[in-house]
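The structure appears below as structure tokens.
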Amino acid sequence: MSLFLTGSFELYINSSFFLLLIGFMNYQTKIKFFPMLLLYLVAGFGGIMFGAAVNPIASLTVGCMPAVFGMVGGQIACVVLNWKAL
Numbered sequence: 002m003s004l005f006l007t008g009s010f011e012l013y014i015n016s017s018f019f020l021l022l023i024g025f026m027n028y029q030t031k032i033k034f035f036p037m038l039l040l041y042l043v044a045g046f047g048g049i050m051f052g053a054a055v056n057p058i059a060s061l062t063v064g065c066m067p068a069v070f071g072m073v074g075g076q077i078a079c080v081v082l083n084w085k086a087l
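Okay, so the sequence shown: first residue is 2 according to our numbering, each after it adds one.
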């Protein structure tokens, strides 16, 4: 699975920054580790499958950015669903 690889050092720095930022937001919302891990894996796998469906000629996809964007979407959904409690 290519969710744990990056194509360049710049992508590694960007994804590490966003994962650190999401980790701090996760600490604030008190979402547990295993639901976030499941969200990371499902969003990453879904993003890779969507990329393969859109561009079937590309034989190799590397990177964790689909999973990172899925985790950002999960945090936004958490805020929207708990809007009145904020």
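Glycine included, every Cβ here is placed at the ideal spot set by N, Cα and C. Only a predicted model underlies this, so the values are computations on that prediction, with no experimental measurement involved.
- Exclusion of the five residues before and after V63 leaves S3, L6 and G8 as the residues of its chain whose Cβ lies within less than 6 Å of its Cβ.
- By a beta-carbon distance limit of 8 Å, G75 does not contact G48. Their separation comes to about 13 Å.
- A44 and I23 have their alpha carbons spaced roughly 14 Å apart.
- For P36, the secondary structure class from DSSP, reduced to helix, strand or coil, is helix.
- Where V81 is concerned, the enclosing alpha helix (DSSP H) starts and stops at M66 to L82.
- Counting other Cβ atoms within 10 Å of its Cβ, N56 stays below 16 and is therefore classed as exposed.
- For I14, the secondary structure class from DSSP, reduced to helix, strand or coil, is helix.
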